Each structure stands twice: as C-alpha cells, then as structure tokens.
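If you count the sequence shown from 1, you need to add 33 to reach the numbering used here.
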Amino acid sequence: MNQTERDSLTDNLISHLRKKPGQYFAWEKLASKLQVERSEIDAALALAADWEYKLRVNRTKGVKFVAAPDLLTSTEILHGLKTRRLGRIVHAYRSVKSTNDLAARLAEDGAPEGVIVTAEEQTKGRGRLGRNWYSPPKTGIYLSIILRPTFPPEDAPGLSVMTAVALADTLIKWRPGLVQIKWPNDIWINGRKTAGILTELSAERNGIHHVIVGVGINVNHRAGDFPEDLRATATSLRRELRRKVDRVALLRLFLANFEKEYTAYLKYRLRKSLARVREYSALLGRAVTLQSGQLRRTGVVKDIDRNGALILQTVTGLETITAGEVTVVKPRG
Ligand code: BTN
C-alpha cells in the first residue's frame, strides 16, 4: 500500500466507524467492508492514531469510534461539508510557512477552482501591507482558497469585501457580540480584530490566472496567547465567548457561506451583498484617517459603493478610495 492508498483507507475506515459511534465493528466485517487484509486495517489504525482520532481497539470485539480530534484534517473538514465544489479537495497541513504561498504554488501547477489549503500552524503567516499574521498551532483557522474566475482583473478587489461578508455571516452564528467589517476586510468582534483576509491575484491585462483568498481567524486563542503588542487590539471567539469553539464546524460553515457569496458574486458582483456590507460596516458615518502609501487623508465615511470602494467626504469633496489603511479618529458616542 502506498501513502495515498493508506490515507484513503484510513479515511474510509473512520467514515465507516463514525456511522455508529461507540459501537464495536468486528474485524472480519471491517475487512470485508473495506476489502482489505487485517494487516492493512492495522496500518490504517496506526495512521488514524497519528491524526489523533480516538478509536478503541479490542482484540476480540473489533474497533469503535470514540472521538474526532480537534484538528483540521481533511477527513474532518469533508465530514458533513455542505458545499458543491468549494473545499472538495483539501490539502491539510500541520505546519507550513504560509497557506497562501502553498496555494499559489498548487494553482500554478494547475490545481482547479475550489481547492483549499489549511494548516494548524503557520511559521510565516502573511497579513496585508507586508505585515505578519500571528498563527500559533491548534488555535486558529489558517485557510487559503484557490479561485479561477473568468471575470476581468478589475473585478477581483471586490472578492475581499465579499469574503468579509461570508466571514461576518459565519462568526455571527456563534453570537459573540457585535460583529463588524472594518473596511476593506478586517473582521472585528466587540471592536477588536478577530479575522483578516489577504487576497492575492495572479493576472494579465486581459485575464485572471488565479486568485488566492487567504483567511485567518482567531478562534481558540486565550488572551495570554496573543503577543503583548496585539493583546489590546486583537481578540478571538473564545476570548469573547469564554468557551472553546469547534474550529472544524466553523470552517465548514464558512466554506458553505463563501460558496454562496461567490456564486452570487460571479453573477451580480457585490450587488446582492451590498446591504450586508453596509450593515456590518464599522466605519459608516465615522470620522477616519486613511493612509494610502505616502498619502494621508481625513474625512467622514459616507458609503461603500458597489465595487467595494470607500466613499470619503473630505474638505475638498467626495473621494472614492480603493486601498489603504483606515484608523477611526473619533469614537462614536
Ligand atoms: C490581514 O488582516 O492582514 C490579513 C491576514 C490574512 C492571514 C491569512 S492566514 C491564511 C493565509 N495565509 C497567509 O499567509 N495569510 C493568510
């Protein structure tokens, strides 16, 4: 058996056992169901243990499923995933430098739309504007999605705003408090950053090769897990809810929401989600400063338009802003 066969046998074994959790499956029945030798089942059990599945093995009674691991394995992500195309091929890693870099490499090698890359840890997680994305093991979701839209490159920036809506719609289901989008695509919970999006485009003037949508979500970080410089401005679902969250369930729901939003985006761009973009916005009506390269402007946010751009009222008139870093200057109230 090669590694791929062993992976797939282990997947099948786990899927079969979890149909009746807590109930023993006899050795002979398992062997005939999976059409393999007993020794191959042993190899699959060893791999399942490696993936941190809790299975009970009894020499006479057989094997039973006890619990799934708190890990983003492809088996777990695919179990009960409600998407048609997105995330149907999963590359799940323990530790990588950056899932966006890996996804870009896969895309260059021809990986189709919908392939996702996840990791338990990133050693060089990247954020927007050349920043790092703090990616400690087993606490967050670090995900990259490969897209191959056929629309023109100028329609790609709206994908980040669209992703932010899918993320906000997902996080709000856990009722952690006030969920907001801080333009263009940070997600705030109760005023602190909980998730970020890094969209990277590979295109020529007349067409897109691929887009990598990278998503980082702070899920089960405790306050003390954040480095000191982030503690005041960053939060996690766990910190807000005061309980641990099932990362796999969160990821599955996000993938389903993302697929829904993306399907609508392909047809209508942001038109279907604009009302929610505005509803979730942390910036509408606020006085802000905007740093865009060397340029610094101050104004009041009037709107977010159908391309996802920020409409800023400055002393010289209305300006349409497509990129930059926003800071709120006057807290509301
Ligand atoms: C930001 O808010 O600055 C964007 C953060 C994006 C982080 C994610 S984590 C998965 C993917 N891989 C990366 O290296 N970055 C993105």
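Cβ atoms here follow ideal geometry from the backbone N, Cα and C, with glycine treated the same way.
Keep in mind that this is a model prediction, so the values were computed, not measured.
Around the C-beta of Asp83, fewer than 16 other C-beta atoms lie within 10 Å, and the residue is accordingly described as exposed.
Bounds of the beta strand (DSSP E) holding Asn91 are 87-91. When distances are taken from the beta-carbon of Asp219 to the heavy atoms of ligand 1, the shortest one is below 7 Å. With 16 or more neighbouring CB atoms inside 10 Å of its own CB, Asp202 falls in the buried class. Check the Cα spacing between Lys66 and each of Pro54, Asn239, Asn45, Arg161: the tightest is with Asn45. When only Cα atoms are considered, Thr108 and Asp40 end up about 10 Å apart. Within the same chain, Pro209, Gly210, Leu211, Thr268, Glu273 come within 8 Å of Asn223 by CB-CB distance, once the 5 residues on both sides are set aside.
Apart from the 5 residues on each side of it in sequence, Leu162 sits with its Cβ closer than 8 Å to the Cβ of Glu358 in its chain, given in chain order. For Ile122, there is no enclosing alpha helix (DSSP H), since its DSSP letter is neither H nor E.
Residues whose Cβ lies closer than 6 Å to any heavy atom of ligand 1, listed in chain order: Ser131, Thr132, Asn133, Gln155, Gly158, Arg159, Gly160, Arg161, Arg164, Trp166, Tyr175, Leu176, Ser177, Asp219, Gly229, Ile230, Leu231, Gly247, Val248, Gly249. Around Ala125, the same chain offers Leu105, Thr106, Ser107, Thr151 as residues with beta carbons nearer than 6 Å, after the five sequence neighbours per side are excluded. Residue burial annotation: Lys215 is buried, with at least 16 other C-beta atoms found within 10 angstroms of its C-beta. Leu351 carries a strand assignment under DSSP once its states are collapsed to helix, strand and coil. In the DSSP assignment, Tyr298 falls within the unbroken alpha helix (DSSP H) covering 280-301.
For Tyr298, the CB contacts under 6 Å within the same chain, skipping 5 residues up- and downstream, are Met195 in chain order.
Here Thr132 really is in contact with Gln155; their C-beta atoms are around 7 Å apart, less than 8 Å.
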